[in-house]
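The next block holds one structure in the form of structure tokens; read it before the comments.
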Amino acid sequence: MLTRTEHHASRAGGVAALMFIGLALAAPVAVLVAQGTGSDVSASQGAYLARITWFTLLQAGLSTLLSVGFAVPLARSLARRPSFWGRRWLINLFAVPLGLPPLVAALGLLEVWGRNGVANQGLALFGVETPFSIYGLSGILIAHVFFNMPLAARLILPGLERLPPEYWKTAANLGMSGFNLFRFVEWPAMRRSVGAAAGLVFMLCATSFTLVLVLGGGPAATTLEVAIYQALRFDFDPGRAVLLSAIQIGLTLAVMLGLKLISVPTEAGDTKGGGTDRPDVARGWHALPDAALIGAAGVFVGAPLVAVVISGLAADLMRLLTDALFWRAAATSLLIGIAAAIVSVSLASLMVRARYSAGDQPQSRRLGLLSGMSGAAGSLTLLVPPVVLGAGWFLMLGGGAGQLLAPLAVIVLINALMALPFVMRVIEPAHQSAMERNGRLALSLGITGINRIRQIDIPAMLVPLATGFVFAVALSLGDLGAIALFGSDRIVTLPWLLYQKLGSYRTADAAGLALLLGVTTMALMIIADRLGNRSGSALWPGKQLQ
Amino acid sequence: MRRFRFIPMALLASLPLTASPAASADKTLTVYTYESFVAEWGPGPKIEATFEAQCGCDLKWVGVSDGVALLNRLKLESGRSQAGIVLGLDTNLVSEAKATGLFEAHGLDTSAVSVPGGYSDDVFIPYDYGHFAVIYDTETIANPPTSLKDLVEGDPNQKIVIQDPRTSTPGLGLLMWVKSVYGDDAASAWENLSKRVLTVTPGWSEAYGLFTSGEAPMVLSYTTSPAYHMVAEDTDRYQAAEFSEGHYLQIEVAGLLANAPDKDLARQFLAFMMTPGFQDEIPTNNWMLPAAQTSIDLPTAFSTLVSPDKTFLYSSDEVAENRAAWIEEWLGAMSR
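So the sequences go chain by chain: A and B.
Taking this note's numbering, the leading residue of the first sequence gets 5, the next gets one more, and so forth.
Taking this note's numbering, the leading residue of the second sequence gets 696, the next gets one more, and so forth.
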């Protein structure tokens, strides 16, 4: 429910955000194409490309299936058990993989699943002589599930938690349980976010690079992203890099459209508000399956993180923490992260609002286009390889020597664009619910325009906004930065420092830095969580007005 | 240029944001290099101090991730760069670097330089070198391979981590090492070796990280790698395997940019590069071997290193001509 003026403002905001994103993506690509040398793709390269394209889609599809396939029952179990000890810690922990550079996570995973990992050592105790090897497709899948299953669960859970308690009461009264409950109550509440999560996970896995190479076991496991990187870095053929990026975007988009992984908004019912009591859920030993599932997920995600912590504790943390360079890197990383998060959350808010204004069934073609383009922009930025954007922007800046602000701005911009799909997915469903809950009321109270945004919409959206913000900061923290490939002169971030230590035999220092990065991400998540709690209930965005 | 790594030169610009380095000196020389060279613990800061004391100028380092990135950066800037010197390409990249037309002949006497195979060039001057080698963990491997053939045909359960020639220079080094030894039979050698390859990483850091975390008992690195562990960590656990066929060589070079703002100063730096003031910092800061006279003796750890009698090195023209085909051959053999 928006007034006429609010509709106009919302749509104008959406168009502005779209233009900004379009420019940020198109300008560097255009510059690269102009620079591009004539690229010819020979027949053998064609076969090579066909093979890696197939592998890219195969591993991304399987990774998505497994990640979301585990995330759905996990989110369901978490929603059924709203108050067990350590629940909030677990959910916060689920965001930590996001803030880790892939290599750090890979090393943590190998401590558990590697040749000399805990799993193989356990098997050896039982007399199994030959260690199992995770290198190959299985390793890629384990790593992708480790990164994305917790993310998907986090995205799916709020949909269930937002369900009004009357639903559960009615379900309990009707004696509904098991499959019927899932089919008539839980699935409709999850459907939208499951699709959105699956789309996000698919894109993340399709563009995976370090994990695929390190755990893939050999060049048979190569993604398009590797070819793009190679084209730009080793062959310096910007034209070819852009062509490959276009293939990557086109194919991934086609698959996502084919599988309907672009989110479909659904109606969310009205509510009187109330507790989260689940009369439909039995206690006592009935809780066992849920406990087992939650416990298994906790161990799966937690064990590699514990490995990261253990190897980090072996480092000389005092020396690291008293190093001025560390603090400088930490400050730069946080600064970049916060700036990127501000840009990302602002863009996402504008587009979410415009999409809401355009409605579920847009009345005109122009509105349909606005809604569709905002939805796409909120997804597809992930598919544009950061290295391509970085190279293009670098070219436009005429080289980065001596400059500081311009390269920083480019890093912020690229990180903001990469975080956009995450942020959109966190705030869009919540915005939808909040508007449905408060829209009419705001209108009847005559609170409109800026006042409405300030007094009603933002307070109601504080939790998802804060979560989106922290997601964006965490993503930035773990990002090496595309511009690193072309020289950054005076910008040090934590992942760079970490890689620099790794690149010069200083493995223990790097492990220490990885620990500090993980702790920072966890701290950010806890802050967002607390913030949400103080401003009201995380479960009832519209509570203040009821 | 050896590694895949990132970082800045931030260390030197101690003042944030508005820092305009050393306004006192009237002349400035900007040198592009790879970032580990200018790291806190790299040779850059020490070399800078020594050179600045001699030239009465301000030496400014700009670090990019590695040698390949150096060349990309020059291409992206296409002649607009303010740099006078590029330091950190390896001989594999020389052909490509010359083809950009951005470099010019140094015109200096390079007789002080001595590297295996006697590499000499009118545009690029070597400043250090190293040999690729398989590093092994003495706690897991009692009988390391004694030849490349041994490595290729050895026990498939004893794994090695290598780097991808599509994305890393050591990876490309191994590709050419195998080619030098096996020639036309390289494909079948790779097919054999692939059984021993645990995984292929995008860069040196990932591979070495897997090795030191105990995931694999062997890794492709440099003969100088054990020196780091001996000198900095006081352990001789990690050793290089000496291969009877010989080792592949990597020579790192520097060159003068054609539109250097102050060419005399740039040449002065290149000349300085061939003296002990520069060379002394190479062994224990860059962990490579010096290409000219040093004034100090190398640490004893260096005398225990493998020093190959025979070395291989393709000319940079051969590399430029064949790289794509050899990588394709590698892809085919490794994907089978």
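Beta carbons are placed, not taken as given, at the ideal position from N, Cα and C, and that holds for glycine.
query: Taking CB distances under 8 Å as the criterion, tell me whether Thr-9 of chain A reaches chain B.; result: no
query: Only counting the same chain, and skipping five residues up and downstream in sequence, which positions put a Cβ closer than 7 Å to that of His-435 of chain A?; result: Val-356, Tyr-360, Met-465
query: Cβ closer than 8 Å: which chain A residues qualify as neighbours of Trp-899 of chain B?; result: Gly-507
query: With Lys-755 of chain B as the anchor, note down where its beta strand (DSSP E) starts and where it stops.; result: 752 to 759
query: Use the C-beta contact count for Gln-749 of chain B: other C-beta atoms within 10 angstroms, 16 or more gives buried, fewer gives exposed.; result: exposed
query: Could I get the ranges of all uninterrupted beta strand (DSSP E) runs contained in the segment 894 to 946 of chain B, with 3 residues as the minimum, in chain order?; result: 913 to 917, 933 to 936
query: Which ranges does the alpha helix (DSSP H) cover as unbroken runs of at least 4 residues, wholly within the segment 105 to 155 of chain A, from first to last along the chain?; result: 106 to 117, 122 to 129
query: Which residues in chain B have a C-beta closer than 7 Å to the C-beta of Val-398 of chain A? List them in chain order.; result: Reading off the sequence, residue 398 of chain A comes out as Phe, not Val. Here the neighbours are Leu-771.
query: Please name the residue in A:Gln-504, A:Leu-447, A:Asn-442, A:Ala-478 whose C-alpha comes closest to that of Pro-463 of chain A.; result: A:Asn-442
query: Tell me which same chain residues have a C-beta within less than 7 Å of the C-beta of Leu-66 of chain A, skipping the five on either side of it?; result: Leu-145
query: When DSSP labels each residue in this structure, what does Leu-724 of chain B get in the three-state scheme?; result: strand
query: Identify whether Leu-782 of chain B lies in helix, strand or coil by the three-state DSSP scheme.; result: strand
query: What is the C-beta distance between Ala-225 of chain A and Leu-248 of chain A, in whole angstroms, given that I count them as a contact (C-beta under 8 Å)?; result: Going by Cβ atoms, the distance from Ala-225 of chain A to Leu-248 of chain A rounds to 17 Å, so no, they are not a contact pair.
query: Cβ closer than 9 Å: which chain B residues qualify as neighbours of Val-392 of chain A?; result: Result: empty, since nearest Cβ-Cβ is about 13 Å, beyond 9 Å.
query: Which whole-angstrom value describes the C-beta separation of Thr-896 of chain B and Asp-859 of chain B, a residue pair presumed to lie in contact below a C-beta threshold of 8 Å?; result: 7 Å
query: Which of helix, strand or coil does DSSP assign to Leu-984 of chain B?; result: strand
query: Tell me which residues share the same chain as Tyr-943 of chain B and place their Cβ nearer than 8 Å to its Cβ, disregarding the 5 neighbours each side in the sequence.; result: His-826, Phe-827, Gly-868, Leu-869, Met-871, Trp-872, Ser-875, Thr-1006, Phe-1007, Leu-1008
query: In the DSSP assignment, find the unbroken beta strand (DSSP E) run with Ala-225 of chain A in it and report its ends.; result: Premise fails: Ala-225 of chain A is in no beta strand (DSSP E) and is neither H nor E.
query: Which residues bound the beta strand (DSSP E) around His-826 of chain B?; result: 819 to 832
query: Find out if the Cβ-Cβ distance for the pair Ile-25 of chain A, Thr-256 of chain A is shorter than 8 Å.; result: no
query: What do you get for Ala-83 of chain A, buried or exposed, if any count of 16 or more other CB atoms within 10 angstroms of its CB means buried?; result: buried
query: State buried or exposed for Phe-188 of chain A, treating a residue as buried only when at least 16 other CB atoms are found within 10 Å of its CB.; result: exposed
query: Look up Ile-855 of chain B in the DSSP assignment and say whether it is helix, strand or coil.; result: strand
query: Excluding the five sequence neighbours on either side, which residues of its own chain have a C-beta within less than 6 Å of the C-beta of Thr-471 of chain A, listed in chain order?; result: Val-430, Ala-532
query: Among the residues of its own chain, which have a CB less than 7 Å from the CB of Ala-343 of chain A, if the five just before and after it don't count?; result: Val-416
query: Going by alpha carbons, who is nearest to Ile-855 of chain B out of B:Pro-738, B:Glu-976, B:Glu-901, B:Tyr-923?; result: B:Glu-901
query: Is Tyr-52 of chain A helix, strand or coil by DSSP?; result: helix
query: Name the chain B residues whose beta carbon is nearer than 8 Å to that of Leu-107 of chain A?; result: Ser-900, Glu-901, Gly-904
query: Give me the residue from A:Val-285, A:Leu-317, A:Glu-115, A:Gly-199 with the minimum Cα distance to Val-259 of chain A.; result: A:Gly-199
query: Does the distance from the CB of Ala-245 of chain A to the CB of Leu-36 of chain A come in under 8 Å?; result: yes
query: With DSSP as the reference, label Ala-949 of chain B as helix, strand or coil.; result: strand
query: Note down, in chain order, every chain B residue with its Cβ under 8 Å from the Cβ of Arg-237 of chain A.; result: Val-763, Ala-764, Asn-767, Thr-862
query: Taking the C-alpha atoms as reference points, what is the distance between Arg-119 of chain A and Arg-282 of chain A?; result: 44 Å
query: Taking 8 Å as the CB-CB cut-off, is Ala-51 of chain A touching chain B?; result: no
query: Taking 8 Å as the threshold (C-beta atoms), are Glu-190 of chain A and Leu-164 of chain A in contact?; result: yes
query: Along chain B, which residues have their Cβ under 8 Å away from the Cβ of Gly-221 of chain A?; result: Val-892, Leu-893, Thr-894, Val-895
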